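K.L.:
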Amino acid sequence: MQSAAQYQQQLQRLRMIEAQQRALQAMAARQRANGDPTEPSGDNNNIRDMQLQQDIRTPVNHQGNHTANPAPSISDQKHRIITFQSACQIGTAAAVESILSSTSHSPKALNFGLETALSASNIEVAQYLLSLGAPITRSTAEKILAAPAHHQIDLFKLLSSYGWNPHHPGTNGAPLLPKVVTNTALVRWFLGKGANPNFGMERHGSAANDKLGYDSCAALESACAKGDLETVCMLFDAGAHIRFGYPLHYAAGALPIDPRGPPRAEAYTDRIPIMEILLAQGADVNQKGETELVAHHPIMYAVMAGAVERVQWLLERGADPEARGSWGSAAEHAFLMGSEEMKAVMEAGIRARRSGGSVGEALAIRLKPSAG
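Per full-length UniProt numbering: the sequence shown = residues 1 to 372.
1. Please classify residue 175: is it buried, with 16 or more other beta-carbons within 10 angstroms of its beta-carbon, or exposed?
2. Using only the alpha-carbon positions, how far apart do residue 224 and residue 177 sit?
3. Which value, in whole angstroms, describes the spacing of the CA atoms of residue 201 and residue 111?
4. Per the DSSP calculation, residue 329 is bridged to which residue(s)?
5. Determine the contact status of residue 121 and residue 151, defining contact as a CB-CB distance below 8 Å.
6. Should residue 214 be labelled buried (16 or more other beta-carbon atoms within 10 Å of its own) or exposed?
7. If you follow the alpha helix (DSSP H) that residue 352 is part of, which residue opens it and which one closes it?
8. In three-state DSSP terms, what is residue 255?
9. Indicate whether the contact test is met: 3 or more Cβ pairs, each with one atom in the region 272-288 and one in the region 218-232, closer than 8 Å.
10. Assuming residue 119 contacts residue 93 (C-beta within less than 8 Å), just tell me the rounded distance between them.
11. For residue 342, tell me which candidate among 355, 301, 308, 282 has the shortest Cα-Cα distance.
12. Going by C-alpha to C-alpha distance, which of 183, 139, 191, 241 sits closest to residue 228?
13. Would you report the Cα separation of residue 254 and residue 304, rounded to the nearest angstrom?
14. Considering just the uninterrupted stretch of the alpha helix (DSSP H) at residue 157, what are its terminal residues?
15. Taking just the CA atoms, how far does residue 198 sit from residue 280?
16. For residue 318, which residues of its own chain have a beta-carbon under 6 Å away from its beta-carbon, when the five flanking residues on both sides are left out?
17. Helix, strand or coil for residue 212? Go by DSSP, reduced to three states.
18. If we count the other Cβ atoms within 10 Å of its Cβ and call it buried at 16 or more, is residue 80 buried or exposed?
19. Taking the alpha carbon of residue 125 as the point to measure from, which residue in 100, 137, 335 has its own alpha carbon closest?
20. How many angstroms separate the CA atom of residue 242 from the CA atom of residue 217?
21. Are the CB atoms of residue 153 and residue 189 within a distance shorter than 8 Å?
22. With H, G and I counted as helix, E and B as strand and the rest as coil, what does DSSP make of residue 192?
23. So, with DSSP's three-state summary, where would you put residue 200?
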């Protein structure tokens, strides 16, 4: 039978696990919003297919008048859409022109073809459709991110020649800079085209109200979580401010870029040079987040990510492992749910903080083999 103390410890552990899951889900939602775009769901594709059946369906004669032939069947309409889609993906402008010359088409159909061509990096067809007046919508530029990275700049250059610029909102209402931080060359191009790293959803804004302003930290936060040191430095050189958000929290809690891949040691240490830059820019290792998505201290996110090296780095720079928030403290999380290595580093950090010594010395004492 469990004692009262054992029951309370188990209950506390379960509460912490639930809090950790909620926090990770919230951080993941924010990172997805700032990360790579996803393809439309199957339901959305079905809706779009039905719309396209209305937009690419009626044969026309050489004088441009609708023929008197019976309306094509649904099967014929779907075949026509697939043919048009394939031509936009891998065909030539001439092939697309031939299809469009024998059907009626709406701006929606032209936009569908344009986005298909962009995602397939078919610049010839994309340019042809733009010349026909294909509209650039919120989702259009984002389709380029599905193309191979080495083609993306040329595709964005094409869109910019037809009026698009890096401040145009994407599908979630925010500009695309936070979503391109893993492509250093593309970030450089965006900044060269006038992208302001502080422009985006305001700190307490949301995609629901599309409230854009110049006090956003989304690009810097995204770069600190997923980009490299060069990208972070470029954003600072372009005027990015840490005071608009919580970039240190995102760097401390960053997960490996590919969570499905095998763990790599550098996946937990490659954020440390970025954290050094943030500290030099005035970041506070004991800043408590004040938003729904970031509601704790950097060291808590490092513990939750299982990043022992980041935890030690933060402790060595004065992070308080016992600072409490709505989910308890980082120390409590480490001792209840962390690895043995994490527990050793945390114990050494607490000892050093209380005695005024260094974490490294305390850790050396903690790990020193006993005599005999």
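Backbone N, C-alpha and C fix where the C-beta goes; we use that ideal spot for every residue, glycine too.
Values in this document were obtained by computation on a predicted structure and should not be read as measured data.
P.N.:
Working from what's here:
1. buried
2. 13 Å
3. Cα-Cα distance, rounded: 26 Å.
4. 324
5. yes
6. So residue 214 counts as exposed.
7. 340-355
8. coil
9. yes
10. With a contact defined as Cβ atoms closer than 8 Å, residue 119 and residue 93 miss out at about 17 Å.
11. 308
12. The shortest Cα separation from residue 228 among 183, 139, 191, 241 belongs to 183.
13. Each residue's alpha carbon lies about 10 Å from the other.
14. 149-160
15. 19 Å
16. A distance below 6 Å between beta-carbons, with the five flanking residues on each side excluded, links residue 318 to the following residues of its chain, in chain order: 285.
17. strand
18. buried
19. By alpha-carbon distance to residue 125, the top candidate from 100, 137, 335 is 100.
20. 7 Å
21. Yes, they are a contact pair.
22. helix
23. strand
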